[in-house]
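My numbering puts the first residue of the sequence shown at 10, with every later residue one more than the last.
Have a look at the structure below before the remarks.
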Amino acid sequence: MGAYKILKKLERANAAKAEEIGNAIYYKADLDEEIGRKLAEFVLVQSEFNNTFAKVYAEDLRKLKDAALSCILYGSILKAGKEAKDVDALIIIEKKDYKKVSNKLADIQQTAAKRIQGIRMTKEDLAKNLKKGNEAMIDMLKYGQVLWGADIIVEAIKNGAS
10 MGAYKILKKL ERANAAKAEE IGNAIYYKAD LDEEIGRKLA EFVLVQSEFN
60 NTFAKVYAED LRKLKDAALS CILYGSILKA GKEAKDVDAL IIIEKKDYKK
110 VSNKLADIQQ TAAKRIQGIR MTKEDLAKNL KKGNEAMIDM LKYGQVLWGA
160 DIIVEAIKNG AS
(Lines of atoms letter the chains of each structure in order from A and count residues from 1; the text may use other names and numbers.)
(Lines give C-alpha, C1' and ligand atoms only; values in the text may rest on other atoms or scores of the structure.)
Protein backbone atom coordinates (compact mmCIF):
# COMPACT_ATOMS: atom_id res chain seq x y z
CA MET A 1 0.00 0.00 0.00
CA GLY A 2 1.36 3.42 -0.95
CA ALA A 3 1.88 6.38 1.35
CA TYR A 4 -1.03 8.31 -0.18
CA LYS A 5 -3.49 5.47 0.49
CA ILE A 6 -2.25 5.17 4.07
CA LEU A 7 -2.68 8.91 4.62
CA LYS A 8 -6.20 8.83 3.16
CA LYS A 9 -7.11 5.94 5.51
CA LEU A 10 -5.73 7.89 8.47
CA GLU A 11 -7.77 10.90 7.35
CA ARG A 12 -10.98 8.83 7.11
CA ALA A 13 -10.29 7.46 10.59
CA ASN A 14 -9.92 11.05 11.93
CA ALA A 15 -6.30 10.35 12.87
CA ALA A 16 -4.90 12.88 10.39
CA LYS A 17 -5.98 16.16 8.81
CA ALA A 18 -5.23 17.17 5.24
CA GLU A 19 -4.36 20.76 4.36
CA GLU A 20 -4.03 22.02 0.80
CA ILE A 21 -1.33 24.61 0.26
CA GLY A 22 -1.00 25.57 -3.37
CA ASN A 23 -1.21 22.34 -5.32
CA ALA A 24 0.31 20.26 -2.52
CA ILE A 25 -1.51 18.38 0.24
CA TYR A 26 0.07 18.27 3.69
CA TYR A 27 -1.04 15.92 6.45
CA LYS A 28 -0.73 16.27 10.20
CA ALA A 29 -2.03 14.32 13.17
CA ASP A 30 -5.48 15.50 14.28
CA LEU A 31 -4.76 16.31 17.92
CA ASP A 32 -8.42 17.09 18.57
CA GLU A 33 -9.25 13.39 18.15
CA GLU A 34 -8.00 10.68 20.51
CA ILE A 35 -6.87 8.50 17.60
CA GLY A 36 -4.86 11.43 16.24
CA ARG A 37 -3.19 11.98 19.61
CA LYS A 38 -2.36 8.26 19.84
CA LEU A 39 -0.87 8.40 16.33
CA ALA A 40 1.31 11.34 17.36
CA GLU A 41 2.41 9.51 20.53
CA PHE A 42 3.30 6.44 18.49
CA VAL A 43 5.39 8.48 16.05
CA LEU A 44 7.22 10.28 18.87
CA VAL A 45 8.52 7.06 20.43
CA GLN A 46 9.45 5.23 17.22
CA SER A 47 12.93 6.55 16.48
CA GLU A 48 15.94 4.48 17.45
CA PHE A 49 19.28 5.55 18.87
CA ASN A 50 22.14 5.72 16.40
CA ASN A 51 24.82 5.08 19.01
CA THR A 52 25.23 2.99 22.13
CA PHE A 53 26.42 5.99 24.14
CA ALA A 54 22.98 7.62 23.80
CA LYS A 55 21.34 4.30 24.75
CA VAL A 56 23.34 4.15 27.98
CA TYR A 57 22.32 7.67 28.99
CA ALA A 58 18.71 6.95 28.03
CA GLU A 59 18.75 4.00 30.44
CA ASP A 60 20.29 6.19 33.16
CA LEU A 61 17.60 8.86 32.66
CA ARG A 62 14.84 6.23 32.88
CA LYS A 63 15.62 6.12 36.61
CA LEU A 64 13.67 9.41 36.75
CA LYS A 65 10.53 7.79 35.33
CA ASP A 66 8.75 7.44 38.68
CA ALA A 67 9.32 11.14 39.50
CA ALA A 68 9.02 12.85 36.09
CA LEU A 69 6.11 12.92 33.65
CA SER A 70 8.23 12.81 30.50
CA CYS A 71 11.80 13.01 29.27
CA ILE A 72 13.36 13.90 25.92
CA LEU A 73 17.01 13.20 25.18
CA TYR A 74 18.31 15.73 22.64
CA GLY A 75 21.44 17.47 21.40
CA SER A 76 24.90 16.28 20.48
CA ILE A 77 24.66 12.99 22.42
CA LEU A 78 22.27 11.68 19.75
CA LYS A 79 24.67 12.41 16.89
CA ALA A 80 28.18 12.62 18.32
CA GLY A 81 27.83 9.91 20.96
CA LYS A 82 31.12 9.52 22.80
CA GLU A 83 32.44 12.81 21.41
CA ALA A 84 29.56 14.84 22.90
CA LYS A 85 30.67 17.27 25.58
CA ASP A 86 27.53 16.78 27.67
CA VAL A 87 24.12 15.12 27.73
CA ASP A 88 21.03 17.26 27.18
CA ALA A 89 17.63 16.23 28.53
CA LEU A 90 14.29 18.00 28.75
CA ILE A 91 12.48 16.68 31.81
CA ILE A 92 8.78 17.44 32.21
CA ILE A 93 7.71 17.47 35.86
CA GLU A 94 4.98 18.47 38.25
CA LYS A 95 6.10 21.58 40.12
CA LYS A 96 5.85 19.74 43.46
CA ASP A 97 8.36 17.10 42.24
CA TYR A 98 11.17 19.53 41.33
CA LYS A 99 13.33 18.67 44.35
CA LYS A 100 12.74 14.91 44.01
CA VAL A 101 13.74 14.99 40.32
CA SER A 102 16.76 17.20 41.05
CA ASN A 103 17.98 14.80 43.76
CA LYS A 104 17.55 11.76 41.49
CA LEU A 105 19.34 13.60 38.68
CA ALA A 106 22.21 14.39 41.07
CA ASP A 107 22.43 10.67 41.95
CA ILE A 108 22.57 9.72 38.27
CA GLN A 109 25.21 12.40 37.66
CA GLN A 110 27.54 10.84 40.25
CA THR A 111 28.12 7.78 38.06
CA ALA A 112 27.81 9.49 34.66
CA ALA A 113 30.95 10.16 32.62
CA LYS A 114 29.49 13.31 31.07
CA ARG A 115 27.66 16.25 32.60
CA ILE A 116 23.88 15.90 32.29
CA GLN A 117 22.18 19.20 31.47
CA GLY A 118 18.66 18.47 32.68
CA ILE A 119 16.21 21.24 31.85
CA ARG A 120 13.23 20.80 34.16
CA MET A 121 9.86 22.38 33.39
CA THR A 122 6.16 21.77 33.79
CA LYS A 123 3.96 20.70 30.89
CA GLU A 124 2.27 24.10 31.11
CA ASP A 125 5.65 25.83 30.69
CA LEU A 126 6.40 23.64 27.68
CA ALA A 127 3.05 24.55 26.11
CA LYS A 128 3.72 28.28 26.74
CA ASN A 129 7.16 28.00 25.13
CA LEU A 130 5.68 26.25 22.10
CA LYS A 131 2.92 28.85 21.85
CA LYS A 132 5.58 31.61 21.85
CA GLY A 133 7.43 29.79 19.06
CA ASN A 134 10.55 29.12 21.16
CA GLU A 135 12.92 27.68 18.54
CA ALA A 136 15.02 25.76 21.08
CA MET A 137 11.94 23.93 22.41
CA ILE A 138 10.66 23.24 18.91
CA ASP A 139 14.07 21.80 17.94
CA MET A 140 14.09 19.58 21.04
CA LEU A 141 10.77 18.10 19.92
CA LYS A 142 11.79 17.84 16.26
CA TYR A 143 15.15 16.19 16.74
CA GLY A 144 15.05 14.74 20.26
CA GLN A 145 14.17 11.23 21.36
CA VAL A 146 11.17 10.87 23.68
CA LEU A 147 12.14 8.34 26.34
CA TRP A 148 8.72 8.18 28.03
CA GLY A 149 5.61 10.30 28.45
CA ALA A 150 4.77 10.87 24.78
CA ASP A 151 1.18 11.60 25.82
CA ILE A 152 2.41 14.54 27.93
CA ILE A 153 4.40 15.91 24.99
CA VAL A 154 1.43 15.57 22.61
CA GLU A 155 -0.79 17.36 25.14
CA ALA A 156 1.73 20.22 25.40
CA ILE A 157 1.93 20.44 21.60
CA LYS A 158 -1.86 20.56 21.36
CA ASN A 159 -2.12 23.22 24.09
CA GLY A 160 0.76 25.20 22.60
CA ALA A 161 -0.87 25.21 19.17
CA SER A 162 -4.23 26.51 20.37
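Idealized CB from N, CA, C, for every residue including glycine.
Among the options, nearest to residue i - alpha-carbon criterion
i            : options                          : result
glutamate 92 : Ala63, Lys72, Asp148 and Leu82   : Ala63
lysine 132   : Glu20, Thr120 and Asp106         : Asp106
leucine 150  : Leu82, Gln119, Val110 and Thr120 : Leu82
tyrosine 152 : Lys17, Phe58 and Asp41           : Phe58
tyrosine 36  : Leu53, Lys18, Phe51 and Lys141   : Lys18
glycine 84   : Phe51, Ala145 and Gly169         : Ala145
For residue j and residue i, the rounded distance between their alpha carbons
i              : j              : result
isoleucine 102 : isoleucine 44  : 25 angstroms
cysteine 80    : leucine 70     : 8 angstroms
isoleucine 15  : arginine 21    : 10 angstroms
alanine 76     : isoleucine 117 : 13 angstroms
lysine 26      : glutamate 42   : 10 angstroms
threonine 120  : alanine 98     : 17 angstroms
asparagine 143 : alanine 136    : 10 angstroms
glycine 31     : lysine 141     : 27 angstroms
tyrosine 66    : isoleucine 147 : 22 angstroms
glutamine 50   : tyrosine 13    : The identity of residue 50 in the sequence shown is glutamate, whereas the question assumes glutamine. The straight-line gap from Cα to Cα measures roughly 21 angstroms.
glycine 127    : aspartate 134  : 15 angstroms
glutamate 29   : alanine 122    : 49 angstroms
aspartate 160  : alanine 24     : 15 angstroms
Residue i, enclosing alpha helix (DSSP H) - first and last residue
i             : result
lysine 137    : 132-140
aspartate 160 : 159-170
leucine 150   : 144-152
glutamate 20  : 12-21
methionine 88 : Contrary to the premise, residue 88 reads as lysine rather than methionine in this sequence. 85-89 is the extent of the alpha helix (DSSP H) around lysine 88.
Test item: CB-CB of residue i and residue j under 7 angstroms
i            : j              : result
alanine 38   : leucine 48     : yes
valine 155   : isoleucine 162 : yes
arginine 129 : aspartate 95   : no
glycine 90   : asparagine 138 : no
leucine 73   : lysine 108     : no
leucine 78   : glycine 158    : yes
glutamate 46 : leucine 53     : One point to set straight first is that residue 46 is arginine, not glutamate, in the sequence displayed. Not a contact, by the Cβ cut-off of 7 angstroms.
The beta strand (DSSP E) enclosing residue i, as first and last residue numbers
i           : result
leucine 99  : 95-101
alanine 172 : Residue numbering for the chain in the displayed model covers 10 to 171; residue 172 lies beyond these limits and cannot be assessed.
alanine 115 : Unbroken run through alanine 115 is the alpha helix (DSSP H), 107-120; no beta strand (DSSP E).
alanine 27  : 25-30
lysine 37   : 33-38
Ordered list of alpha helix (DSSP H) runs contained in the region 43-73, each at least 4 residues: 43-53 and 61-70
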